[in-house]
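Going by the numbering used here, the letters in the sequence shown line up with residues 7 to 445, in that order. Following: one structure in structure tokens, then a few remarks.
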Amino acid sequence: MRVAFISEHASPAALLGGEDAGGQNVYVDEVARGLGRLGLRVDVFTRWDCADAASVIQWAPRVRIVNLPVGPPRLVPKDELWPLMPAFRDELIRFAIRDGVRYDVIHGNFWMSGWVATELRRALGIPAVQLFHALGLTKRRHQGSADSSPPERIGVERAIVRAVDRVIASCPSERRELIDDYGASPGRVEMVPLGVDTALFRPLDRREARRRLGLVLTDDDPVLVYVGRLLQRKDVRSVVQALALLAKGEELGGRRTKLLVVGGESRLPDPIATPEIGELQRLAATLGVTDRVIFTGKRDREELSDYYNAGDVMVTTPWYEPFGLTPLEAMACGVPVVGADVGGIAFTVLHGETGLLVPPRSPAALAAALRGLLANPERRARLGAAGRRRVEAEFSWRVVAERTAALYAAVCEEAREPFARAPGRPVAIGVTPTAAASD
Ligand code: UDP
7 MRVAFISEHA SPAALLGGED AGGQNVYVDE VARGLGRLGL RVDVFTRWDC ADAASVIQWA
67 PRVRIVNLPV GPPRLVPKDE LWPLMPAFRD ELIRFAIRDG VRYDVIHGNF WMSGWVATEL
127 RRALGIPAVQ LFHALGLTKR RHQGSADSSP PERIGVERAI VRAVDRVIAS CPSERRELID
187 DYGASPGRVE MVPLGVDTAL FRPLDRREAR RRLGLVLTDD DPVLVYVGRL LQRKDVRSVV
247 QALALLAKGE ELGGRRTKLL VVGGESRLPD PIATPEIGEL QRLAATLGVT DRVIFTGKRD
307 REELSDYYNA GDVMVTTPWY EPFGLTPLEA MACGVPVVGA DVGGIAFTVL HGETGLLVPP
367 RSPAALAAAL RGLLANPERR ARLGAAGRRR VEAEFSWRVV AERTAALYAA VCEEAREPFA
427 RAPGRPVAIG VTPTAAASD
């Protein structure tokens, strides 16, 4: 089986932690390689965003990355890519013709690739599945006028939901949103959670992990760790506020809780390259906790295990979170998670079993949860061990790849049946980026 895996802005080859490189890149990488191991041949189509990169990269056995020459060969913010999508579609078709490939199934990632997938489905009659990674309506609800997505996004998403053969939901809250907000028919929504690499992310000795990092952490400092992109919606600001609340109670004691913040646009923490670092530094200064917050800059995935393991607790309290790989990575490291009770976090973190869930935007509730956990090493160890067991049992990339391959087989089978196309399909989604095709 040959798969066209489309991911217009998120390449498996990108260094993660920056504004537009996070969980989607990891998903595309892991699932493409997992499908390759199962014997499928996968071409990952992404935009050529670096002049030095080869146009076709043999990434793993049976997996290629195809960098399509669309738009300038440099990073372009993803919110500016929509007008380039007709050219992306055309380049993809050109590549397939030149290479003599006929794909059996198309897998769109994110809404713009979803549009390309529906275009190919319509033009070539190939079945398509779609995973949004994030939904425009949810973003709009939380970010209001600060939402910089193109205005067409939500309408295009609704049309994709109608046009593709299956939509993948990564967790129950995404499934609900697809059905309730986007009108997806329940039978066409398949839940396949994301996974974690349990060999890469594993429990290590905490003291040794701290020593290897060479940061100013003593063995006894309670350490909170945040790993991820530094965006306002990830709300690390609430974590800094909670830290200040914890610090108040520690003035007279010898313990000084520290917060490790891993992520950003560059390997060195730079408030110019990553404005959110500047915001957090100013907030920490105002609250008198500057010396307790350690920014590391972004790190490669291979380095992250030491950072998670250096923490007594992993904290992640975004306003909303479509899935959230970082809590799973922390759980795989045997580190308890205190997370916001939203989106995928409310599904992966079991309250009282693998961590604690708190309301979003609530520094006081977060501080109370952290205070309790930091004071109780036995409970932390218990939650951490249960987290590791949970990811081993429920969230392996191998299972994600197997279930994705089974889904492809099902949609291909349906497409072969006579009269397979339900009335109304194939569907032209009727929205096209304007003034773009020739860019
Ligand atoms: N990540 C990384 N280096 C960093 C910061 C983050 O490799 O410096 C990775 C992190 O390990 C995780 C991904 O980026 O795999 C973030 O995914 P998540 O689903 O948590 O959030 P998203 O970025 O999709 O909003």
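Quick reminder that beta carbons are idealized off the backbone N, C-alpha and C, glycines included.
Which same chain residues end up closer than 6 Å to residue i when comparing Cβ atoms and leaving out the 5 residues on each side of it in sequence?
{"i": "Gly201", "result": "Phe401, Ser402, Trp403, Val406"}
{"i": "Gly114", "result": "Ile12, Gly120, Ala123, Gln136"}
{"i": "Asp312", "result": "Ala215, Arg218, Leu219"}
{"i": "Gly29", "result": "Leu331"}
{"i": "Ala336", "result": "Tyr314, Met320, Val343"}
{"i": "Thr263", "result": "Pro228, Leu252"}
{"i": "Ala63", "result": "The question names Ala, yet the displayed sequence has Ile at residue 63. Answer for Ile63: Ile71, listed in chain order."}
So what does DSSP say about residue i, is it helix, strand or coil?
{"i": "Arg262", "result": "coil"}
{"i": "Met320", "result": "strand"}
{"i": "Trp54", "result": "coil"}
{"i": "Ala10", "result": "strand"}
{"i": "Leu363", "result": "strand"}
{"i": "Ser119", "result": "helix"}
{"i": "Tyr414", "result": "helix"}
{"i": "Ala66", "result": "strand"}
{"i": "Val107", "result": "coil"}
{"i": "Ile71", "result": "strand"}
{"i": "Arg128", "result": "helix"}
{"i": "Gly358", "result": "coil"}
{"i": "Leu237", "result": "coil"}
{"i": "Leu230", "result": "strand"}
Would you please state the rounded distance, in angstroms, between the beta carbons of residue i and residue j? I believe it to be under 8 Å.
{"i": "Gly269", "j": "Leu293", "result": "About 21 Å; that fails the 8 Å criterion."}
{"i": "Leu46", "j": "Ala411", "result": "6 Å"}
{"i": "Val233", "j": "Leu310", "result": "6 Å"}
{"i": "Val321", "j": "Val344", "result": "5 Å"}
{"i": "Val245", "j": "Gly317", "result": "Incorrect: roughly 12 Å between the Cβ atoms, too far for contact."}
{"i": "Pro209", "j": "Arg394", "result": "6 Å"}
{"i": "Leu274", "j": "Gly303", "result": "5 Å"}
On the DSSP letters alone, give me the boundaries of the alpha helix (DSSP H) that residue i sits inside.
{"i": "Tyr313", "result": "307-316"}
{"i": "His148", "result": "142-149"}
{"i": "Gln287", "result": "281-292"}
{"i": "Asn31", "result": "29-43"}
{"i": "Leu251", "result": "242-256"}
{"i": "Leu389", "result": "383-400"}
{"i": "Leu219", "result": "212-219"}
Identify the continuous beta strand (DSSP E) that holds residue i and give its terminal residues.
{"i": "Gly345", "result": "343-346"}
{"i": "Thr302", "result": "299-303"}
{"i": "Met197", "result": "195-197"}
{"i": "Ile174", "result": "172-175"}
Leaving out five residues on either side along the sequence, give the residues of the same chain with a beta carbon under 8 Å from the beta carbon of residue i.
{"i": "Leu44", "result": "Ala407, Glu408, Ala411"}
{"i": "Ala370", "result": "Ala248, Leu251"}
Anyone know if the C-beta pair for residue i and residue j falls short of 9 Å?
{"i": "Tyr33", "j": "His139", "result": "yes"}
{"i": "Ala421", "j": "Gly131", "result": "yes"}
{"i": "Leu356", "j": "Glu196", "result": "no"}
{"i": "Ile283", "j": "Val267", "result": "yes"}
{"i": "Leu90", "j": "Ala10", "result": "no"}
{"i": "Phe329", "j": "Cys177", "result": "yes"}
{"i": "Asp227", "j": "Arg261", "result": "yes"}
{"i": "Ser155", "j": "Arg146", "result": "yes"}
{"i": "Tyr109", "j": "Arg8", "result": "yes"}
{"i": "Glu158", "j": "Val437", "result": "yes"}
{"i": "Ile112", "j": "Pro133", "result": "yes"}
Please work out which residues of its chain come closer than 7 Å, Cβ to Cβ, to residue i, disregarding the five sequence neighbours upstream and downstream, and give them in chain order.
{"i": "Ala415", "result": "none"}
{"i": "Pro18", "result": "Asn31, Val34, Asp35, Ala38, Val50, Trp65, Ile71"}
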